[in-house]
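Line order of the protein sequences matches chains B and D.
Numbering (our numbering) for the first sequence: 1 to 257.
Numbering (our numbering) for the second sequence: 1001 to 1638.
Think of the CB as a built atom: it goes at the ideal place given N, C-alpha and C, for glycine as much as any other residue.
Because the structure is a prediction, the values reported are computed rather than measured.
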Amino acid sequence: MSTTLNLKLKIWRQESPEAPGRFHEFAANDISEDMSFLEMLDVINEQLNEQGIDPIEFDHDCREGICGTCGVMINGQAHGPEKATTTCQLHMRKFSDGDEIVIEPWRANGFPVVRDLVVDRSAFDTIVQAGGYISVNTGAAPDANLMLIPKDASDAAMDAAECIGCGACVAACPNSAAQLFTSAKIEHLNLVPQGQAERWRRTENMVETMEDFFGSCTNHGECHEACPKEISLDYIAYMNRDYLKSKLKNRKLAGQG
Amino acid sequence: MTFDSAVPPGDIASMWDDHKFNTKLVNPNNKRRFEIIVVGSGLAGASAAATLSELGYKVKCFTFHDSPRRAHSIAAQGGINAAKNYKNDGDSVHRLFYDTVKGGDYRSREANVHRLAEVSVDIIDQCAAQGVPFAREYGGLLDNRSFGGAQVSRTFYARGQTGQQLLIGAYQALSRQIAEGSVEMHTRKEMLDVVVKDGRARGIVTRDLITGETEAHTAHSVVLATGGYGNVYYLSTNAMACNVTAAWRAHKRGAYFANPCYTQIHPTCIPASDEFQSKLTLMSESLRNDGRIWVPRDRDEARSAAQIPEEDRDYYLERKYPAFGNLVPRDVASRNAKTVVDEGKGVGPLKNGVYLDFAQAIGRDGVETIKEKYGNLFDMYERITGENPYESPMRIYPATHYTMGGLWVDYNLQTSIPGCYALGEANFSDHGANRLGASALMQGLADGYFVLPYTIGADLGDRLGEPLVPTDDEAFTSSIDEVKTQTQAWLDVNGTKSVDYFHRELGKLVWDYVGMERTKTGLEKALSEIPALREEFEKDVRVLGSGDNLNSSLEKVGRVADFFELGELMARDALEREESCGGHFRAEHQTDDGEAQRDDENFAHVAAWEWNGKGQVQTRHKEELVFDNVALTQRSYK
């Protein structure tokens, strides 16, 4: 019914963070084109298990492209060849019979390898902890409709908030910079009225925390190309604007707009 | 063990306020002397951990994910209900309460549901203040949409990603508390046991998924917000890691497990395409607002959807339920899909789906409007199937999606183990035998933000100065030993088949016999076949690698072992419940027109099962349900 593919896989295997890693070759035969990329890896793992070889470790969870857990480099592209698509939503019909596919973990100093294709992305959580929130204790909120938010502003915040925190932006960047992630997190809150009180503090703290882990942005735009949610580069510009403004701002006058 | 619903006396409308007044408070300065463990960081867990910490409690939060932002709450698409009545269409707390009790087919506890409806309005306020980008109208006010099972427009949404946005809101609140040092966050740690001493929960035992280390954590209270058990079916819309293990281990330590047979089959999922399928993908139910469901009248129909003229189509929901049409509750929509597919009228290459057609809506509102509402869902459908739903109708079929059953809890959300609580999908409390759309997010956040933070005081208020049980106490060390022994035992089996193989086989049994339609014969088969398969699993499973580094097969094997025991209990619960209600449909009990036939005289109760040891049949306890405020009627959506 559906056509099948025979593929040659080169997959990065690494026992632990300290151990050296290397590529292993696997033949993937009779792969249905209706499989997702991760289902193809499931099939390989079933075969390895039969052969008594440890299955390949990879991160994944929802398999619907929303949780941001999965992500590998596929032939040098973060999440593979299909635009705006996470690894779990990439389907094998995007490949051709006989293809060689190179599969690696995210490569970035800020994302150390845990095992095989699994990396540690806790630096992203640390950036959010530096100010990626609005300080409002449970119970202290006024009626939701007391605050009018222009639809355009709300939509722009939503565009930023679509970020799933997968790390593809960092993996795709030649500098391993995290500007796209950080700016999406900052501007989701900076663009709406609720976020104004902490706008400058948030921007400085998050940008400076980001710099502890990741490289500098040199405007390649690879992050946007790799982003499964197509987060716009505009947010990096907004973040840079906010950062600069913040450095010049007298915060005692922040209430005057 | 305690088994008293602890529903306070008095009028339901003022009950929650009265209860808050009558519940012991813990002085702000004393709160920091209490330590609370929260397991899970989805909507319920993250909101509870953040709120408890804001109040001053010392909180430790655990997740097996790499980050607290990953939990499966994130995948909820459609929205969250709240009785705001912003649309001025007649909504009220009482109506949301009524709709939820009715939607649950009169098998939920009135007091809990009323409280849920009351706090629903606070949730929207809280989330908007956190910066959750809910959909808005041009005037800057919040927008609403309608959802299955309701005739008012009360659902708030953020594109097709409401769960993600609400979870990020809770995650951000939690992040703030982590940064302040008042929540100690543990990622990639899986809870494998609840430690009980002198009849009380004293802490948990976890396994570090990176180092394999088994650790003990002590606390005054343990809160389980660990989600549902839909993955017992192997194929479901749940994320791959969703499991029953935390709840099940609590069950084995004395927490009653309630109504396990109440599972919800979601009507709008993408049909399976083959054996290798690892999970099913849900298309938000909100699609039913504009999509029309139909199948060809002729089972031998060979034309493509677009070529089939109107007179040869059967819009069966609109035909059978003129008042609700395509917006009937989930169980009704699902069962009707099964009926037409079983009649051989299914569509698609495997004839295992029904059409969900947007042609009329696109003609009426234009492609742009439809794209604005459902764009990301349409894109997702196309990525998975390779078909364009703007041009040809989607194919959908029901799949397991949510589990209404769960750990039994009282009005304070305390399980039958004192000091151990269950929130969100992990408990059984609010949805009865069937959950309405957009109510899962509401319940998770209600429990975490607005219920548990108050009700936990009822227990802690009396325990000031009580020391923690040290982790070198025998209660902890023996539990650690058990966990370690079991972990090693799985590695030592070294059989021939993978964990996934057994999970898949178990899933087929549970789906066939304890799925959309159950029969006495089928359930009896399940009760003999599941234990037989489990025996094979215990002898023949192969888990490679070691226990001292990242090993996902090892993580899975313990979860699948728990699914085996749960699957058996589901069948037993379904067999004992000699009626049909909501998501539990017994073929022997249906009305003349094929609807669920309840037996209120004999089954208007919660079945709460008590663990009696491995290999022993659990004991079934009953909590009678009292309906003082909603009259029991045969549900009708005609």
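Neighbouring residues, chain B, relative to residue i (Cβ below 8 Å)
i: PHE1276(D); result: SER32, MET35, GLU39, ASP42 and VAL43
i: TYR1390(D); result: Those do not exist, as TYR1390(D) stays about 17 Å from chain B at its closest Cβ, beyond 8 Å.
Short Cβ contact (7 Å threshold) for residue i with residue j
i: GLY1583(D); j: THR1263(D); result: yes
i: VAL1409(D); j: VAL1340(D); result: no
i: SER1479(D); j: VAL1205(D); result: yes
i: TRP1611(D); j: ARG1620(D); result: no
i: SER214(B); j: SER176(B); result: According to the sequence as given, residue 214(B) is Phe; it is not Ser. In contact: PHE214(B) and SER176(B) (Cβ atoms closer than 7 Å).
i: HIS1251(D); j: PHE1062(D); result: no
i: LEU1287(D); j: CYS1269(D); result: no
i: HIS1589(D); j: GLU1579(D); result: yes
i: VAL1354(D); j: ALA1333(D); result: no
i: GLN1165(D); j: ALA1050(D); result: no
i: ASP1430(D); j: LEU1167(D); result: no
i: SER1236(D); j: MET1442(D); result: no
i: PHE1428(D); j: GLY1405(D); result: yes
i: ALA1440(D); j: ASP1105(D); result: no
Candidates the options, of which the one nearest residue i by Cα
i: ASP1462(D); options: PHE1034(D), PRO1009(D), THR1268(D) and PRO1008(D); result: PHE1034(D)
i: GLN1151(D); options: ARG1095(D), GLU1190(D), GLN1130(D) and ARG1202(D); result: ARG1095(D)
i: MET73(B); options: HIS91(B), ALA28(B) and TRP12(B); result: TRP12(B)
i: ASP187(B); options: ARG202(B), MET147(B) and PHE124(B); result: A quick correction: the sequence has Glu, not Asp, at residue 187(B). Nearest option by C-alpha distance: ARG202(B).
i: PHE1627(D); options: ARG1534(D), TYR1374(D), CYS1061(D) and PHE1097(D); result: PHE1097(D)
i: SER32(B); options: THR218(B), PHE95(B) and THR4(B); result: THR4(B)
i: LEU146(B); options: SER1153(D), ARG1136(D) and THR1155(D); result: ARG1136(D)
i: GLY1375(D); options: PRO1389(D), ILE1384(D) and GLY1363(D); result: PRO1389(D)
i: ILE1456(D); options: GLY1010(D), VAL1007(D) and LEU1025(D); result: LEU1025(D)
i: GLU225(B); options: GLY80(B), LEU7(B) and GLU57(B); result: GLY80(B)
i: VAL1493(D); options: TYR1513(D), ALA1049(D), VAL1510(D) and VAL1543(D); result: VAL1543(D)
i: THR1226(D); options: GLY1444(D), LYS1020(D), ALA1532(D) and GLN1164(D); result: GLY1444(D)
i: ALA1426(D); options: ILE1417(D), LYS1497(D) and LEU1407(D); result: LEU1407(D)
i: GLU104(B); options: THR87(B), MET92(B), ARG93(B) and LYS94(B); result: THR87(B)
i: GLY1042(D); options: VAL1223(D), ASP1592(D), GLY1056(D) and HIS1019(D); result: VAL1223(D)
i: TYR1057(D); options: ASN1027(D), MET1404(D) and ALA1044(D); result: ASN1027(D)
i: PRO17(B); options: TRP1490(D), ILE1210(D), ILE1396(D) and THR1403(D); result: ILE1210(D)
i: GLY132(B); options: GLY1169(D), PHE1147(D) and GLN1161(D); result: GLY1169(D)
i: ALA1258(D); options: ASN1551(D), MET1570(D) and ASN1412(D); result: MET1570(D)
i: ILE1123(D); options: THR138(B), ASP234(B) and LEU233(B); result: THR138(B)
i: PRO55(B); options: VAL43(B), GLY65(B) and CYS62(B); result: VAL43(B)
Bridge-paired residues (DSSP) for residue i
i: TYR1402(D); result: GLN1264(D)
i: MET1015(D); result: None, per the DSSP bridge assignment.
i: SER32(B); result: THR4(B)
i: PRO1296(D); result: ARG1313(D)
i: LYS1373(D); result: DSSP lists no partner for LYS1373(D).
i: CYS1581(D); result: HIS1584(D)
i: ILE1178(D); result: According to DSSP, ILE1178(D) bridges with nothing at all.
i: TYR1397(D); result: CYS1269(D)
i: CYS100(B); result: Looking at the sequence shown, residue 100(B) is not Cys but Glu. Answer is LYS8(B), bridged to GLU100(B).
Under 7 Å from the C-beta of residue i: neighbouring residues of chain B
i: THR1051(D); result: THR138
i: TYR1138(D); result: LYS151
i: ILE1168(D); result: ALA161
i: ILE1178(D); result: GLN129
Chain B residues whose Cβ lies nearer than 9 Å to that of residue i
i: ARG1364(D); result: Going along chain B, no residue has its Cβ under 9 Å from ARG1364(D), so there is no contact; the nearest lies around 22 Å.
i: HIS1072(D); result: ASP61, CYS62 and CYS67
Chain D residues whose Cβ lies nearer than 8 Å to that of residue i
i: ASN49(B); result: SER1498, ARG1542, LEU1544 and SER1553
i: GLN89(B); result: MET1380, ARG1383 and ILE1384
i: ILE134(B); result: ALA1129, GLN1130, GLY1131 and GLN1172
i: LEU148(B); result: GLY1139, GLY1140 and LEU1141
Where residue i meets chain D, residues with beta-carbon distance less than 7 Å
i: ASP143(B); result: ASP1125
i: GLU46(B); result: SER1498 and ASP1500
i: SER16(B); result: ASN1549
Distance cut-off 6 Å: residue i Cβ against heavy atoms of the ligand GDP
i: GLY68(B); result: Ligands displayed in this structure: none; no statement on the ligand GDP is therefore possible.
Amino acids of chain E, ordered along the chain, whose beta-carbon sits closer than 8 Å to that of residue i
i: ASP99(B); result: No chain E appears in this structure, whose protein chains are B and D.
Can you give me, in chain order, the residues of the stretch 61-81 of chain B that have a beta carbon less than 9 Å from any beta carbon in chain D? ASP61, CYS62, ARG63, GLU64, GLY65, ILE66, CYS67, GLY68 and THR69
Note down, in chain order, all residues in the stretch 1038-1070 of chain D with a beta-carbon under 9 Å from any beta-carbon belonging to chain B. SER1047, ALA1050, THR1051, GLU1054, LEU1055, HIS1065, ASP1066, SER1067, PRO1068, ARG1069 and ARG1070
Closer than 8 Å, Cβ to Cβ, to anything on chain D: give me those residues from the stretch 176-193 of chain B, in chain order. HIS188, LEU189 and VAL192
Using a Cβ cut-off of 9 Å, which residues of the stretch 1086-1106 of chain D contact any Cβ in chain B, in chain order? TYR1086
To be precise: take each residue of the stretch 1150-1164 of chain D, compare its Cβ to all Cβ atoms of chain B, and keep it if any distance is under 9 Å. Which residues remain? PHE1156, ALA1158, ARG1159, GLN1161, GLY1163 and GLN1164
Determine which residues of the stretch 1210-1240 of chain D have a Cβ less than 9 Å from any Cβ of chain B, and write them out in chain order. ILE1210, THR1237, ASN1238, ALA1239 and MET1240
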